[in-house]
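Asks: Have a look at this one.
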Amino acid sequence: MEESIKIINSILKKNNEIKIEIGTEENLGEIKKDITGIKKEFFFIKEVVKPEFFVVQTGSLVKEIYQLGCFNKPFVNEVHDFLLENNVKLKEHNSDYLNFKQISGRYGVVDALNIAPQLGIIQTQVVLNEALLYGIDIKPFLECSYKSNKWLKWLYTSNRNDKLLCSILAGHYNFTSDEYKSMVFKINKYTDIRGTIIEKILKLVTYYSEAFN
């Protein structure tokens, strides 16, 4: 927590208009019942800054390309009411791969959903599919992605030797790599890959938006 305070002070010193999101726990999909720890952390942070968002473990958990968690609504309701009293929004990570009912069930309780990993998977799959369509070698990027080991945190029951799956899971961590840039450059000779990516991502964002109302 003290390290978090140092980081916040450093950020605000550079630009005091930046909005702060606080989330110090690793999301493990735990079913919690007591919000005492959250209150303690919140008031500790509030001495320095009132955050825009406070990240809460809601019970959701993403592994590979699956939602394995169980939304802990009674606990989240209690935390939401507490944060609402302090004019702070509740944010949920690991909100990926939810169905329409699960998303709509969060309305009025959760203020923001993080689905960045799923968006990353979509972009990786789109780029790889387009590369294969135009006969572009995907092996350099897959090798780079696999060697990054960023797939380790997402692996669930699959075999770590399934290099294709692991590389896709880690793909979005390697979008700045030379291997990715080279692949995209070659694809763009045939088609507007950026437009295709945006189109696919917007479909998912629209789905969440329609359900989250």
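Counting with my numbering, you get residues 3 to 215 for the letters of the sequence shown. Here a beta-carbon is modelled for each residue, glycine too, at the ideal position from N, C-alpha and C. Remember, it's a predicted structure, so these values are computed and weren't measured experimentally.
#1: Put valine 57 into one of helix, strand or coil per three-state DSSP.
#2: Suppose only complete runs of 3+ residues qualify. What are the beta strand (DSSP E) ranges in the region 5 to 69, listed by chain order?
#3: In whole angstroms, what separates the C-alpha of lysine 8 from that of isoleucine 189?
#4: Between which two residues does the alpha helix (DSSP H) holding lysine 91 run?
#5: At the level of alpha carbons, what is the spacing between arginine 108 and aspartate 139?
#6: What separation, rounded to the nearest whole angstrom, lies between the Cα atoms of leucine 30 and glutamate 80?
#7: What are the complete beta strand (DSSP E) segments, minimum 3 residues, inside the region 77 to 137?
#8: Reducing DSSP to helix, strand and coil, say where isoleucine 170 ends up.
#9: Could you compute how far the alpha carbon of glutamine 125 sits from the alpha carbon of tyrosine 158?
#10: Spatial neighbours of tyrosine 175 within its chain, please: CB distance less than 7 Å, with the 5 preceding and 5 following residues excluded, ordered by chain position.
#11: With distances taken from CA atoms, which of Ile22, Ile13, Ser12 and Phe214 is nearest alanine 114?
#12: What are the boundary residues of the alpha helix (DSSP H) that isoleucine 200 is part of?
Replies: Quick answer:
#1: strand
#2: 55 to 57
#3: 43 Å
#4: Run containing lysine 91: none in the alpha helix (DSSP H); it sits in the beta strand (DSSP E), 91 to 94.
#5: 42 Å
#6: 20 Å
#7: 91 to 94
#8: helix
#9: 21 Å
#10: Ser150 and Lys152
#11: Phe214
#12: 195 to 213
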